[in-house]
Amino acid sequence: MTQPKPYAQSILRVWLTAGILLLACVALFARAVNLQVMESEFLQSEGEARFLRQVEIPTVRGTILDRHGEPLAVSTPVDSIWAHPRTLLQETAQIPMLAGLLDIPADELERRLTQRASREFVWLKRRVHPDLVARVVALDVPGVHLEREYRRFYPTGEVTAQVLGFTNIDDFGQEGLELAYNSWLQGEPGAKRVIKDLFGRTVQEVELVNEMQPGRDLQLTLDRRLQYLAFRELKTAVLEFAARSGSIVIMDVRTGEVLAMVNYPSYNPNSSERGASDGLRNRAVTDVLEPGSVIKPFAMAAVLEAGIATPQMAVDTSPGTREVAGHTIRDVRNYGEMTVTGLLTKSSNVGIVDLVLSMDARHLWGVYSRFGFGEVTGTGFPGESAGVLRDYDRWRKLEQATLAYGYGLSVTPLQLTRATAAIADSGRLRQPSFVLATDNPPLSVVDPVLAHNLAAMMETVIEPGGTGTRAAIPGYRVAGKTGTSRKAGAGGYNDRYVASFTGFAPASRPRLAATVVINDPSGEAYYGGQVAAPVFARVMDAGLRLFNVPPDRMDALLVQAEVVE
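The opening residue of the sequence shown carries number 11 in our numbering; numbering runs sequentially from there.
If you want it as structure tokens, here you go:
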């Protein structure tokens, strides 16, 4: 057999090589066609899944304003620091420096990153001060990035803390009006699609999916100036008398608007460390007290409405004590014979008990209930207490007697202010409101003539000889009632007290009603007339002038003018 010639062999190898290359080209072309045409949609979705992300556009929470448009709670843009765990873990030399800036132990930071190494995102520190942001940026650590968020800021600090409440790290309301109106304030976050690189950095914004809807502003009835003044006076009184706590509520008699509501002790809502929960709650709404003698005007309203007595009718309170169901009820001294009006002036327990026990228990319960005791005021404030007013069917004779001077029931300072405002407003009870321009129709609870007579009787409490002379305001007629109640403990009532005062001014054309409660004052001064009445006078004096309420007591003004001359 003859062997192939070398030339023929060369030609064969060339054709074989060319065939292989041709087949490879055909295969590559076919694969390209398959990828570009047949599988393009699948490959595009896979690529987008790796680099295209839908991210949230943070929304700005609505501003809370006072009645004059002054800001009480605002949201300010801040930066938060996040990291791509795998990338940052490769920077072993810089992790300790970063941890030092963020005030995080280096081993803790590294452990956190390691546990989340499979993720592309982990928060390092949220809502950071701009100075710290600048130092972190200057460090220029690979895998560390910034994200824009919003932080809640409260310009008035502890002055409005319990009323406004605060938000959490995600800007959701946690307490107070921030919680009650969270859906109104928070808005709706938006969304957009972006392309991110391997390290999680945004390199291109592709499209807007949903626009961000900012939260709506909330304008309150509070007056920031009056709130400051009330807080200052309350704090001074609590510290002066070494009291456990205190509250003040001031309402507009004509509208039911809450103009000021303060509590002490308070807290700083701008701090992440807000202290004990005892200082977080709005005591004026959530805490109840046995009111003591400040309840007597409402017991007197029941007496007058039942026709049992008239303001000038004589009542004998001798010898200054009464035995009721084996229990002795006392006055501070024997007042003897006095008018029904005098019972309020001197705050006689004996006299009011005699009158209340002569009426049907159902009637007393009905009047208390009409004034709003035993039910929430309807503000919608989180944690609001309804107080306690037991059904009259369960009353014994002694309980009916003690209810006449403020024991056996419990009320909140807000309830008490609302009821006092109803007397001032010709017997019309209004729902307290925190939001400006709220429709608030009144409910008639007692006859206007009875309310006017009761207001006149309450004026005598502030006049010389009354228990509330320290609540007097120069140039204004004031009506009110003092209260001093013992606090109940595990073993019964003890030698701890609640001092209170509730009233309104000017008495001729009532505009403002207020209640002052000082809880557990220490020392020799603990009566409502000594402790709470002076606070009422200073706060109401400031409030009447802030709201340009004209004086209605010309004789006092003339005396002042003569002194100046």
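Glycine included, every Cβ here is placed at the ideal spot set by N, Cα and C.
I need the boundaries of the alpha helix (DSSP H) containing M107, first residue and last residue. In the DSSP annotation of this structure, the continuous segment of the alpha helix (DSSP H) that includes M107 starts and ends at I105 to L112.
In the DSSP output, what is L269 paired with across the bridge? According to DSSP, which records beta bridges pairwise, L269 is partnered with nothing at all.
Say whether chain D places a C-beta atom closer than 8 Å to the C-beta of A431. Given the protein chain composition of this structure (a single chain), no chain D is represented.
So what does DSSP say about S532, is it helix, strand or coil? DSSP places S532 in coil when its eight states are reduced to three.
Between which two residues does the beta strand (DSSP E) harbouring I339 extend? Looking at the DSSP string, the run of the beta strand (DSSP E) that includes I339 is H337 to R340.
Beta-bridge partners of L75, as assigned by DSSP: According to DSSP, L75 bridges with P81 and Q229.
For A40, is the classification buried or exposed, using 16 other Cβ atoms within 10 angstroms of its Cβ as the cut-off for buried? So A40 ends up on the exposed side.
Pick from R340, A515, V541 and T102: whose alpha carbon is nearest that of V527? Comparing Cα-Cα distances from V527 to each of R340, A515, V541 and T102, the minimum goes to V541.
Leaving aside the five residues before and after G197 along the sequence, list all residues of the same chain whose C-beta is less than 6 Å from its C-beta, in chain order. When the five nearest sequence neighbours on each side are left out, the beta carbons in the same chain lying within less than 6 Å of the beta carbon of G197 are those of T69, Q223, P224 and G225, in order along the chain.
Let me know if Y486 comes out buried or exposed under the rule of 16 or more other beta-carbons within 10 Å of its beta-carbon. Counting every other CB atom within 10 Å of its CB across the protein chains shown gives Y486 a total of 16 or more, marking it as buried.
Please state whether the Cβ-Cβ distance between T8 and L189 is less than 8 Å. Here the chain has residues from 11 to 575 only, and residue 8 is not among them.
For W25 and L38, what's the separation of their Cα atoms in angstroms? The alpha-carbon of W25 is positioned some 20 Å away from that of L38.
Between the CA atoms of N273 and I579 - distance to the nearest angstrom: For the chain, the structure presents residues 11 to 575; residue 579 sits outside this window and is missing.
Minimum C-alpha distance to G352 - residue among A371, M369 and A324: Nearest C-alpha to G352: A324.
Measure the C-alpha to C-alpha separation of Q100 and R158 and round it to an integer number of angstroms. Going by the C-alpha atoms only, they are around 25 Å apart.
Let me check understanding here. Comparing Cα to Cα, which of Y536, P199 and L413 lies closest to A576? No information on residue 576 is available, as it lies outside the stretch 11 to 575 that the chain covers here.
To the nearest whole angstrom, what separates the beta carbons of R496 and G539, a pair I think is in contact under 8 Å? Under the criterion of beta carbons closer than 8 Å, R496 and G539 do not qualify as touching, at roughly 16 Å.
Which residue or residues does DSSP assign as beta-bridge partners of Q223? E198.
Looking at the strands, I want to know which residues DSSP matches up with H155. Looking at the DSSP assignment, H155 forms a beta bridge with W92.
Indicate whether I91 and L156 have their beta-carbon atoms separated by less than 8 Å. Yes, the Cβ-Cβ distance between I91 and L156 is below 8 Å.
Would you tell me roughly how many angstroms separate the C-alpha atoms of G416 and P81, rounded to the nearest one? CA-to-CA, the gap between G416 and P81 works out to about 39 Å.
May I ask you to list the residues that DSSP assigns as paired with G175? Residue pairing by DSSP leaves G175 without any beta bridge partner.
Is the beta carbon of L228 sitting closer than 8 Å to the one on L249? Not in contact: L228 and L249 (Cβ atoms no closer than 8 Å).
DSSP three-state label for F381, please. The answer is coil: DSSP assigns F381 none of H, G, I, E or B.
The ligand FMN and A432: does the residue's C-beta get closer than 7 Å to at least one heavy atom of that ligand? With respect to the ligand FMN, the structure offers nothing, as it holds no ligand at all.
DSSP has V259 in a bridge; who is on the other side? Partner(s): M271 and T525.
Closest to I74 by CA distance: which of L134, V508 and L446 is it? Between I74 and the set L134, V508 and L446, the nearest pair of CA atoms involves L446.
For I260, does the count of other Cβ atoms within 10 angstroms reach 16, so buried, or fall short, so exposed? By the neighbour-count criterion, in which a residue is buried when 16 or more other Cβ atoms sit within 10 angstroms of its Cβ, I260 is buried.
Exposed or buried, what is E267 when buried is set at 16 or more other beta-carbons lying within 10 Å of its beta-carbon? Buried: at least 16 other Cβ atoms inside 10 Å.
Alpha carbon to alpha carbon, how far is A309 from R293? When rounded, the distance between both Cα atoms is 25 Å.
Beta-carbon proximity check, R71 vs R136, cutoff 8 Å: R136 sits away from R71, with the two beta carbons spaced by 8 Å or more.
Do L439 and L453 have their CB atoms nearer than 8 Å? Result yes, Cβ atoms of L439 and L453 sit closer than 8 Å.
6 Å CB neighbourhood of S368 in its chain, flanking five on each side removed: Excluding sequence positions up to five before and after S368, its CB lies within less than 6 Å of the CB of I318, all in the same chain and listed in chain order.
Pairwise C-alpha distance: F546 and Q278: In the sequence on display, residue 278 carries Asn and not Gln. Cα-Cα distance, rounded: 25 Å.
Can at least three beta-carbon pairs, one atom from the stretch 379-390 and one from the stretch 350-364, be found at a separation below 8 Å? Under the three-pair Cβ rule at 8 Å, the stretch 379-390 does not count as touching the stretch 350-364.
My guess is that G478 and T492 are in contact by the Cβ rule of under 8 Å, so how many angstroms apart are they, rounded? About 5 Å; that satisfies the 8 Å criterion.
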